[in-house]
Amino acid sequence: MLPRIPGAARPLAEPPPGSALEPVMGEPGLPVIGQTLGFMRQGPALSLSQHRRFGPVSWANVFGMRMVLALGPEAAQVVLVNKDKAYSQSGWEWFIGPFFKRGLMLLDGEEHHLHRRIMQEAFTRPRLESYLLQLGELIDEQVPRWPADEPFLIFPAIKRLSLDIATSVFMGARRTEETERVAEAFEDCVRAGLALVRFPVPGLRWHRGLRSRRVLETYFRDRIPEKRASDDEDLFAALCHVETDEGQSFGDDDIVNHMIFLMMAAHDTSTITATAACYFLAKHPEWQERCRAESQALGDLAADRPIDLPGTEKLESLDLVFNEAMRLVTPVPGMARRTVRDTDLLGHHVPAGTMVTVSTWASHLLPELWSDPETFDPARFDEPRREDKQHRFANLAFGGGVHKCIGMHFGRAEVKAFLHRLLLGFRIEVPADYEVSWDMTSLPTPADGLPVVLRPLDDQSTPDPTRGTP
Ligand code: HEM
Numbered sequence: 274m275l276p277r278i279p280g281a282a283r284p285l286a287e288p289p290p291g292s293a294l295e296p297v298m299g300e301p302g303l304p305v306i307g308q309t310l311g312f313m314r315q316g317p318a319l320s321l322s323q324h325r326r327f328g329p330v331s332w333a334n335v336f337g338m339r340m341v342l343a344l345g346p347e348a349a350q351v352v353l354v355n356k357d358k359a360y361s362q363s364g365w366e367w368f369i370g371p372f373f374k375r376g377l378m379l380l381d382g383e384e385h386h387l388h389r390r391i392m393q394e395a396f397t398r399p400r401l402e403s404y405l406l407q408l409g410e411l412i413d414e415q416v417p418r419w420p421a422d423e424p425f426l427i428f429p430a431i432k433r434l435s436l437d438i439a440t441s442v443f444m445g446a447r448r449t450e451e452t453e454r455v456a457e458a459f460e461d462c463v464r465a466g467l468a469l470v471r472f473p474v475p476g477l478r479w480h481r482g483l484r485s486r487r488v489l490e491t492y493f494r495d496r497i498p499e500k501r502a503s504d505d506e507d508l509f510a511a512l513c514h515v516e517t518d519e520g521q522s523f524g525d526d527d528i529v530n531h532m533i534f535l536m537m538a539a540h541d542t543s544t545i546t547a548t549a550a551c552y553f554l555a556k557h558p559e560w561q562e563r564c565r566a567e568s569q570a571l572g573d574l575a576a577d578r579p580i581d582l583p584g585t586e587k588l589e590s591l592d593l594v595f596n597e598a599m600r601l602v603t604p605v606p607g608m609a610r611r612t613v614r615d616t617d618l619l620g621h622h623v624p625a626g627t628m629v630t631v632s633t634w635a636s637h638l639l640p641e642l643w644s645d646p647e648t649f650d651p652a653r654f655d656e657p658r659r660e661d662k663q664h665r666f667a668n669l670a671f672g673g674g675v676h677k678c679i680g681m682h683f684g685r686a687e688v689k690a691f692l693h694r695l696l697l698g699f700r701i702e703v704p705a706d707y708e709v710s711w712d713m714t715s716l717p718t719p720a721d722g723l724p725v726v727l728r729p730l731d732d733q734s735t736p737d738p739t740r741g742t743p
């Protein structure tokens, strides 16, 4: 059910006298909290309701401020391409700045350009191939041991696996008590981003986030000399070693800041996508079979060793499922910016200093772009339909413009390697009438942990007809 937006429409600000611009319209919602609860609990529904009422540019009263919502590909393009340099990444600063300061996504302009060029060297194809082999070993070690033929909460298991991957492939470490403390510190920093009380009160999220940031800084800073001297192949070592053709490289502070941000950027997003894909594959056995057949067709590659990068690229049906899972459950539901000058957003006047959110998840559900948008239909990403190609900014799962996800090939390969191994070992089942409920108070996660049953494939019994959609 869509949220009802009570009250009369009001302009965000009057356009300058004589300008041809329209005001951005919206309404303040409830006293004090505005639409914050709807925003946090209903995910894309609130933005879609705004879109129906006010069009692609509107404002809502969330987190104690008036936030402009930019929805749909045209609005996304203006903000993300940022032709007149009116939009700054300082929009993210408000959410995650104190915990993920000076991460790549929080930098602007020339500085961002330079850091991105250096970091790009840590994401070259040969490096990706090496990361994938390392994480493939962990996947192949853990996934076949997951419990079969009994209800199994797959979301926490994927999260655990993803943490182990981060520890090993990102940090170049093994799971120890100390790395577990580091993992907890990450969780605290991520949770602090959407804290309602946004100043340090002992025991509350913000305070824990600040304390945890210091834990992370100390952990990485202490290990830089050793990593600089090593020939390790993890991401941490890569950041210590990479340089551009002109010889520009990262200093110690940069490495600490980028490592902390990268761990966050990579971890939850991949976990959510893998979880959503498992859910949809369980609900749609015909797609599960199709993807499994492609994995099995890899022959030798599919057998006993981790899949390599060219192998993941051959899994075309899994690509379609991956895209569709991210459209329906978008891991980064909105992208934050702040205007640094008055600007024109699709003919609307947005004053300097305004928080602007590109509503990615809601944009993925617009009926004018996506046929039957609530339905799981991976073929929409395939020829001849290619609904995602109708507009350059139709598919926003990895963002767009100069801040487009630098880890998108990494994330795609990681999630596909995981699903490949899972599909080769098990049939994924949920009861036919099961519908997952997504908790949206932070990034979208299954409220019940997503209980599935994994049936070993060597078990020749016929599928349970009460499970999955026939
Ligand atoms: C399915 C997985 C992933 C999704 C859905 C995702 C999504 C996104 C999105 C939407 C942005 C743009 C944010 C903005 O413009 O405001 C972004 C940026 C970024 N992502 Fe990802 N991401 C994923 C995986 C990864 C991985 C695996 C890494 C690193 C290994 C990574 C590192 C980054 C970085 C560093 C940025 C900032 C880029 C910049 O500002 O230049 N992401 N990601």
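When we follow my numbering, the leftmost residue of the sequence shown carries the number 274, and every step to the right adds one.
Every residue gets a Cβ at the ideal spot worked out from N, C-alpha and C, and that includes glycine.
With distances taken Cα to Cα, identify the nearest neighbour of residue 689 among 435, 352, 391.
For residue 689, the nearest C-alpha among the options comes from 435.
Straight-line CA distance for residue 697 to residue 730?
Those two C-alpha atoms are separated by around 7 angstroms.
Which runs of the beta strand (DSSP E), 3 residues or longer, sit entirely within the stretch 319 to 389?
The stretch 319 to 389 contains these whole beta strand (DSSP E) runs: 330 to 335, 338 to 343.
What does DSSP give as the partner residues of residue 648 in its beta bridges?
Answer is none; residue 648 lacks a bridge partner.
Less than 8 angstroms between the C-beta atoms of residue 638 and residue 594, yes or no?
Result no, Cβ atoms of residue 638 and residue 594 do not sit closer than 8 angstroms.
What's the call for residue 663, buried or exposed, on a 16-neighbour Cβ count within 10 Å?
The residue is exposed, with fewer than 16 neighbouring Cβ atoms inside 10 Å.
Residue 334 to residue 368, Cα distance in whole Å?
Using only the alpha carbons, I get a separation of about 16 angstroms.
For residue 299 versus residue 282, is the C-beta spacing smaller than 8 angstroms?
A contact, by the Cβ cut-off of 8 angstroms.
Mapping the DSSP letters down to three states, classify residue 563 as helix, strand or coil.
If DSSP states are grouped into helix, strand and coil, residue 563 belongs with the helices.
Could you have a look at residue 631 and say whether DSSP puts it in helix, strand or coil?
Note: residue 631 maps to strand in three-state DSSP.
Given 7 angstroms as the limit, tell me if residue 554 has its C-beta closer than that to any heavy atom belonging to the ligand MG.
The ligand MG is not part of the structure shown, which contains the ligand HEM as its ligands.
Determine the extent of the alpha helix (DSSP H) in which residue 442 is found, giving its start and end residues.
Careful: residue 442 lies outside any alpha helix (DSSP H) and carries neither H nor E.
Run the CB neighbour count on residue 474, radius 10 Å, all protein chains shown included, and call it buried at 16 or more, exposed below.
Exposed: under 16 other Cβ atoms inside 10 Å.
Could you name each continuous beta strand (DSSP E) segment of 3 residues or more that falls completely within the stretch 397 to 438, going from the start of the chain to the end?
Fully enclosed beta strand (DSSP E) runs of 3 or longer: 424 to 426.
Less than 6 angstroms between C-beta atoms, sequence neighbours within five positions excluded: which residues of the same chain meet that for residue 364?
So the list reads 609, 610, 611, 628, once near-sequence residues are dropped.
Under the assumption that residue 694 contacts residue 412 (Cβ atoms under 8 angstroms), give the Cβ distance between them as a whole number of angstroms.
About 5 angstroms; that satisfies the 8 angstroms criterion.
Between 347, 531, 318, which lies nearest to residue 329 when the distance is taken from Cα to Cα?
Looking at the Cα atoms, 347 is the closest of the given residues.
Can you find at least 3 beta carbon pairs, one from the stretch 300 to 319 and one from the stretch 640 to 650, that sit closer than 8 angstroms?
In short, these stretches do not touch, since the Cβ pair count stays below three.
Given residue 416, which residues of its chain have a CB within under 6 angstroms of its CB, disregarding the five upstream and five downstream residues?
Result list for residue 416: 694, 695, in chain order.
Buried or exposed: which applies to residue 288, given that a residue is buried once 16 or more other Cβ atoms fall within 10 Å of its Cβ?
So residue 288 counts as buried.
Does the Cβ of residue 734 have 16 or more other Cβ atoms within 10 Å, making it buried, or fewer, making it exposed?
Any reading at residue 734 must be qualified, since the residue scores a pLDDT of 45, below 50, and its modelled position is unreliable; the value itself is stated next. That one is exposed.
Would the beta-carbon of residue 590 fall within 8 angstroms of that of residue 564?
Yes; because the gap between Cβ atoms is below 8 angstroms, this pair is in contact.
Per DSSP, what kind of secondary structure is residue 734 in: helix, strand or coil?
Note that residue 734 scores a pLDDT of 45, beneath 50, so its modelled location is shaky; the value from the coordinates is reported in the next line. Here residue 734 sits in coil by DSSP.
Shorter than 7 angstroms, the distance from the beta carbon of residue 338 to the closest heavy atom of the ligand HEM, or not?
Not under cutoff, so the answer is no.
By the three-class DSSP mapping on this structure, what secondary structure does residue 643 have?
In this structure, residue 643 counts as coil in the three-state DSSP scheme.
Residue 713 lies in the beta strand (DSSP E); which residues open and close that run?
Run containing residue 713: none; DSSP gives neither H nor E here.
Whose CA, out of 469, 439, 376, 429, lies closest to the CA of residue 337?
It is 469 whose Cα lies nearest to the Cα of residue 337.
Determine which residues share a DSSP beta bridge with residue 609 and list them.
Looking at the DSSP assignment, residue 609 forms a beta bridge with 630.
Taking residue 621 as part of the beta strand (DSSP E), name the residues at either end of that continuous run.
Unbroken beta strand (DSSP E) run through residue 621: 621 to 623.
Please state if the CB of residue 414 and the CB of residue 581 are separated by a distance shorter than 8 angstroms.
No. Outside cutoff.
So for residue 519, helix, strand or coil by DSSP?
Coil, per DSSP.
Give me, in chain order, the residues of the same chain whose beta-carbon lies closer than 8 angstroms to that of residue 525; leave out the 5 immediate sequence neighbours on both sides.
If we look at residue 525 and ignore the five residues flanking it on each side, its Cβ neighbours are 494, 497.
Drop a sphere of 10 angstroms on the beta-carbon of residue 657, count the other beta-carbons inside from all chains shown, and report buried for 16 or more, exposed for fewer.
Exposed, since its Cβ has fewer than 16 Cβ neighbours within 10 Å.
Which of helix, strand or coil does DSSP assign to residue 702?
Note: residue 702 maps to strand in three-state DSSP.
Can the beta-carbon of residue 459 be found less than 8 angstroms from the beta-carbon of residue 508?
In this structure, residue 508 does not lie closer than 8 angstroms to residue 459 by Cβ.
Could you pull the start and end residues of the alpha helix (DSSP H) that residue 546 belongs to?
Taken as a continuous stretch (DSSP letters only), the alpha helix (DSSP H) holding residue 546 covers 525 to 556.
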